[in-house]
Amino acid sequence: PTDDDMFDWMQAAADAADIAQVLYTTYWTGYSTTLEMFERLTKIDQVVAIKWSAPDAFLFEQGLRHFAKHFLIVDNQCDFVKSHMYGGRSVNLHACNYAPKWGQKFWELLESHQYFDAQHEVARVVSPYYDLFFEMYKETSGEGTLDKLCLEQIGLEGGPVRPPQRDIREKYRPKVREMLVKNGVIS
């Protein structure tokens, strides 16, 4: 879609219902939101948040610097410390699904501006998750399979893998357990 397509769609939703809207940006699926689009969205009162990711670090930073005062920015870039420093008010962390206490601790580090310690937690918990995710992604798409495996390792039911993804959990179960033990989520 183009910016005009997206704006018209968001405006139509705003005209149809007086509810808050979140723009979820995923440039890797073919539409890269522009900063000009963000400016246009400031005219739609119902657009209150943007789950933001950008194809390059500078554009991501620009979006934060220019629009974090207007929208609640949810970091979908995995640059959580910088995002918080520039006014981002939320982060997208898969680890919170299976380690909610860790997620609370991480958010408290950000809120108290303990950025060095927060970045250390990213390296300890988030980076290994994505290392394993990208290994698995070579065989099937989506983060759901890894999330389900992590949930299983803490004793919760992850549910079936959604088609068309292939169920590769059996192959990766030992690696997931090793990751969670190493980063202290399970013993």
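Here this note's numbering is used: the first residue of the sequence shown is 142, the next is one more, and so on. C-beta: ideal position from N, C-alpha, C; glycine also.
Within the segment 184-249, complete alpha helix (DSSP H) segments of at least 4 residues are found at 198-208, 221-226, 236-239, given in chain order. In this structure, Tyr-271 sits near Cys-219, with a CB-CB distance shorter than 8 Å.
The closest CA to that of His-235, considering only Lys-223, Asp-258, Lys-289, Lys-184, is found on Lys-289. C-alpha of Thr-170 to C-alpha of Pro-142: approximately 10 Å in a straight line. Under the three-state reduction of DSSP, Val-326 is assigned to coil, being neither helix nor strand. For Leu-321, the closest alpha carbon among the candidates Pro-305, Lys-184, Leu-273, Glu-280 is that of Leu-273. Each of Val-326, His-207, Tyr-172, Thr-167 was checked against the Cα of Trp-243, and the nearest Cα belongs to Val-326. Here Leu-297 carries a coil assignment [DSSP, helix/strand/coil]. Boundaries of the beta strand (DSSP E) harbouring Gln-162: 162-165, taken from the DSSP string.
With a cutoff of 8 Å on beta-carbon distance, Tyr-256 and Val-215 are scored as not near each other. Contact check for Leu-292 and Gly-285: beta-carbon distance about 10 Å, past the 8 Å limit, so the pair fails to qualify. Taking the Cα positions, Val-317 is about 36 Å away from Phe-212. Approximately 6 Å separates the beta-carbon atoms of Thr-175 and Asp-144; this is inside 8 Å, confirming the contact. Setting aside the 5 residues that flank it on each side, Ile-185 is surrounded in the same chain by Met-151, Gln-152, Ala-155, each with a C-beta closer than 7 Å to its C-beta; the list follows chain order.
The residues Tyr-227, in chain order, have a CB closer than 6 Å to that of Arg-206 in the same chain once the five nearest residues on each side in sequence are set aside. One Cα belongs to Ala-209, the other to Gln-162, and the distance between them is close to 16 Å.
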